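Undergrad: In my numbering, the protein residues as written are 29 to 90.
Cβ atoms here follow ideal geometry from the backbone N, Cα and C, with glycine treated the same way.
Quick caveat: nothing in here was measured; it's all calculated off a predicted structure.
Mind having a look at this structure? Questions to follow.
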């Protein structure tokens with residue numbers, strides 16, 4: 029019976045830890061964005077430029 033209680037306690041601890049990680053993930057992500065915002069701006073510019081280039085290239089072929 030002690031084994032079942034230990035197993036239930038371990039599973040509960042894992043569930044609580046997973047829920048805590050799930051709640052803290054957006055907070056950590058926002059903290060990362062505020063620290064590395066120039067990287068995100070440059071990445072967005074590169075991605076949007078590539079999308080614009082591909083769009084114009086395919087429109088020119090039509």
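Taking just the CA atoms, how far does residue 61 sit from residue 81?
TA: Residue mapping note: residue 81 aligns to position 53 of the chain shown, counting from 1. Residue mapping note: residue 61 aligns to position 33 of the chain shown, counting from 1. Roughly 27 angstroms separates the two Cα atoms.
Undergrad: Return the chain-ordered list of same chain residues with a C-beta closer than 6 angstroms to the C-beta of residue 51, the five sequence neighbours on each side being excluded.
TA: Translated into positions along the chain shown, residue 51 becomes position 23. Result list for residue 51: empty, nothing under 6 angstroms.
Undergrad: What did DSSP end up calling residue 90 once you bin it into helix, strand or coil?
TA: As a position in the chain shown, residue 90 is number 62, starting the count at 1. DSSP places residue 90 in coil when its eight states are reduced to three.
Undergrad: Going by DSSP in three states, residue 64 sits in which element: helix, strand or coil?
TA: The residue given as residue 64 occupies position 36 in the chain shown. Residue 64 falls in the coil class under three-state DSSP.
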